[in-house]
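In our numbering, the protein residues as written are 152 to 332. Glycine included, each C-beta is placed from N, C-alpha and C at the ideal position. Here the structure is a predicted model, which is why all the values come from computation and not from measurement. Contents: one structure, followed by commentary.
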């Protein structure tokens with residue numbers, strides 16, 4: 152994602168006459184990365200598409216409130232993260248399941264997804280990630296898959312870098328243990 156290009160869009164996004172074109176450019180520049188960030192959380196392609204759409208709707212409605220305290224892509228990731236967590240919470244309530252039952256439901260949805268093509272080791276790795284608490288899974292995905300710096304993750308999640316490092320370390324240990332079993 153070209154962060155300089157994104158930052159150049161901010162004044163255009165705030166200008167009501169140029170907003171549509173700027174927003175289309177924003178979507179083109181960010182769609183793939185945000186999709187995979189969301190997909191790692193919600194797992195199923197159709198759900199990820201829905202959450203991504205909700206993310207962009209929220210961005211559209213809130214762009215005038217963007218203060219520039221962080222980079223635009225950090226703000227986008229924060230919205231996508233919050234939308235993903237909200238979706239997962241709604242799914243858990245809707246399915247009224249224990250965490251183990253919910254984890255099994257997510258795994259079955261992941262494996263039934265036509266876009267999922269992992270082998271047995273990949274499935275075990277994904278199961279290990281799914282066994283993590285949501286916040287820990289989020290931190291692990293952002294660090295491992297997105298290769299984000301702790302500083303970036305801190306801005307997105309509102310969590311201290313020290314807590315993120317500890318969370319990531321614990322997540323790695325849990326995943327290693329899960330895979331060994």
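Pop quiz: residue i and residue j are said to be a contact at Cβ under 8 Å. What is the actual Cβ separation, rounded to whole angstroms?
i	j	result
residue 280	residue 293	So it is not a contact: roughly 12 Å between Cβ atoms.
residue 203	residue 185	6 Å
residue 157	residue 173	Contact doesn't hold; Cβ gap of about 10 Å is too wide.
residue 316	residue 301	6 Å
Let me know the secondary structure DSSP gives residue i once reduced to three states.
i	result
residue 228	helix
residue 202	helix
residue 283	coil
residue 297	coil
residue 168	coil
residue 310	coil
residue 322	helix
residue 239	helix
residue 195	coil
residue 217	coil
residue 303	helix
residue 273	helix
Measure the alpha-carbon distance for residue i versus residue j and round it to whole angstroms.
i	j	result
residue 236	residue 226	15 Å
residue 288	residue 188	11 Å
residue 321	residue 208	35 Å
residue 168	residue 178	18 Å
residue 274	residue 330	10 Å
residue 326	residue 181	29 Å
residue 312	residue 319	10 Å
residue 199	residue 193	6 Å
residue 159	residue 328	45 Å
residue 283	residue 211	32 Å
Let me know if residue i comes out buried or exposed under the rule of 16 or more other beta-carbons within 10 Å of its beta-carbon.
i	result
residue 218	exposed
residue 272	exposed
residue 190	buried
residue 165	exposed
residue 240	exposed
residue 290	buried
residue 306	buried
residue 213	exposed
Is there a Cβ from chain D that is less than 8 Å from the Cβ of residue i?
i	result
residue 272	No chain D is part of this structure, which consists of one protein chain only.
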